[in-house]
Amino acid sequence: MSGVSATTTTDTVPVRAWLPTMLTLAAIWGCSFLFISVGVRELPPLYLALGRVLAGAVVLLAFLAIKRESLPRDPKLWLHSFVVGAVGSAIPWTLFGYGEERIPSLLAGIWNGITPLVVLPIAVLIFRTETFSIQRGLGLVVGFGGMLVVLGAWNVSGGADLVGQLLCMLAAVCYGIAVPYQKRFLAGTTLSGTALSATLLLCATLQLAIVAPLITRQSPPMPWTLSIETVASVLALGALGSGIAFVLSMRNIRLIGASRASMVTYLMPIFSILVGVLVLREHITWYQPVGGLVVLLGVAISQGVFRFRVKRVVAEPAAGL
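Following the UniProt record's numbering, the numbering of the sequence shown begins with 1 at its first residue and continues without gaps.
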């Protein structure tokens with residue numbers, strides 16, 4: 001859970017150093033959509049997100065106390081953490097909550113798979129932490145086509161289902177902005193991933209504690225008024241999906257960069273679909289998982305999983321010239 005040197009490059013990091021972490025993240029975050037689906041049955045999405053960031057912050061502060069580490073003192077780090085806390089936690093987790101009031105959890109997990117398609121252009125064009133190529137452009141085009149398939153763009157009567165999908169898509173876009181932002185402004189510090197992650201969650205807790213009562217116009221429900229399933233879902237989202245997972249994610253961003261670290265979304269839909277079908281008995285239409293596979297294909301192409309080589313044909317010079 002400690003920080004990784006900012007001088008580490010993706011070319012010098014062996015797969016065994018980051019792949020187990022990525023698999024663990026995929027399992028934690030893939031199952032998070034199940035917990036969100038259970039939580040919004042009794043909690044407004046804003047209060048579900050507040051409970052999640054609060055529980056995650058408490059877990060990480062406990063880790064800091066055990067390790068005898070302190071929170072950052074640099075005001076700039078707190079300012080950047082405030083931004084990431086909003087764009088990477090408070091806003092997307094609220095949007096996923098509202099989205100899962102309308103669509104199955106496994107479909108929300110599929111939409112999370114577009115994150116690398118957003119990370120790439122933002123990392124290249126805005127934060128200058130990645131490079132662009134024709135292959136990556138092709139991956140973006142394929143991924144965009146997959147998004148249209150998941151939406152069922154030929155079906156004009158989307159209704160609430162379409163609204164739910166768009167909310168989840170917007171949440172994934174927020175992730176796509178937050179990941180390269182972290183790489184650019186936070187990953188290069190000497191602070192541990194635990195301290196940085198705790199700072200992000202504290203900022204998100206403050207934001208949601210102010211916004212949630214204003215928007216919902218109701219006080220937060222007391223834990224003893226909720227079912228055991230709902231309380232357990234909030235704790236799981238906080239301790240695992242927010243606390244421990246944030247530290248693991250920061251580690252991978254430092255090790256292999258923002259774009260490659262976002263490849264965790266290759267695997268997340270697998271876990272979200274499995275738990276959605278097996279636990280919640282959810283059902284989706286045929287084109288949604290098919291479109292999800294097309295999106296993941298586009299992500300894989302853009303990340304260089306498949307290599308394409310263009311054979312150059314050079315004309316022989318004419319004799320006597």
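Glycine included, each C-beta is placed from N, C-alpha and C at the ideal position.
Quick check: what's the CA-CA separation for residue i versus residue j?
i      : j      : result
Leu148 : Gly99  : 18 Å
Ala245 : Pro72  : 20 Å
Gln135 : Pro221 : 50 Å
Gly3   : Thr285 : For Gly3, the pLDDT reaches just 36, beneath the cut-off of 50, and the residue's location in the model is therefore unreliable, although a value from the coordinates is still provided. So the two alpha carbons sit approximately 43 Å from each other.
Ser5   : Val179 : With a pLDDT of 37 at Ser5, under the threshold of 50, the modelled position of this residue cannot be trusted, and the question is left open.
Arg52  : Leu95  : 13 Å
His283 : Ile110 : 13 Å
Gly276 : Val84  : 29 Å
Val150 : Pro104 : 13 Å
Leu140 : Val299 : 7 Å
Leu196 : Pro116 : 22 Å
Thr216 : Val87  : 20 Å
Ile256 : Gly241 : 21 Å
Ala261 : Val163 : 29 Å
Leu120 : Ile253 : 14 Å
Val290 : Arg281 : 19 Å
Ile126 : Thr225 : 46 Å
Who are the Cβ neighbours of residue i in its own chain at under 7 Å, not counting the five residues just before and after it?
i           : result
Ala209      : Leu50
Phe271      : Ala26, Ala27, Gly30, Cys31
Pro92       : Ala171, Cys174, Tyr175
residue 333 : Here the chain comprises residues numbered 1 to 321, so residue 333 is not present and cannot be evaluated.
Leu138      : Ile301
Leu274      : none
Along the chain, where does the alpha helix (DSSP H) that runs through residue i open and close?
i      : result
Ser32  : 15-39
Val130 : Just to set this straight, residue 130 is Glu in the shown sequence, not Val. Unbroken run through Glu130: none, as it is neither H nor E.
Phe82  : 75-85
Ile66  : 45-67
Glu229 : 228-236
Met222 : Premise fails: Met222 is in no alpha helix (DSSP H) and is neither H nor E.
Leu201 : 193-216
Tyr287 : 287-302
Ser105 : 105-111
Please look up how many angstroms separate the CB atoms of residue i and residue j, rounded, as I've assumed it's under 8 Å.
i      : j      : result
Leu201 : Ala57  : 4 Å
Leu60  : Thr194 : 6 Å
Val279 : Leu48  : About 18 Å separates the two Cβ atoms, so there is no contact after all.
Leu237 : Ile36  : 7 Å
Suppose the cutoff is 6 Å on Cβ atoms and the five residues either side in sequence are ignored; what does the same chain contact list for residue i look like?
i      : result
Val264 : Met22, Leu25, Ala26
Gly320 : Residue placement at Gly320 is flagged as unreliable, the pLDDT there being 45, under the threshold of 50; a coordinate-derived value is accordingly withheld.
Val38  : Glu229, Ser233
Thr205 : Val53, Leu54, Ala57
Keeping to the same chain, check which residues put their C-beta closer than 8 Å to that of residue i; ignore five residues upstream and five downstream.
i     : result
Leu46 : Thr94, Gly97, Leu208, Val211, Ala212, Ile215, Thr216
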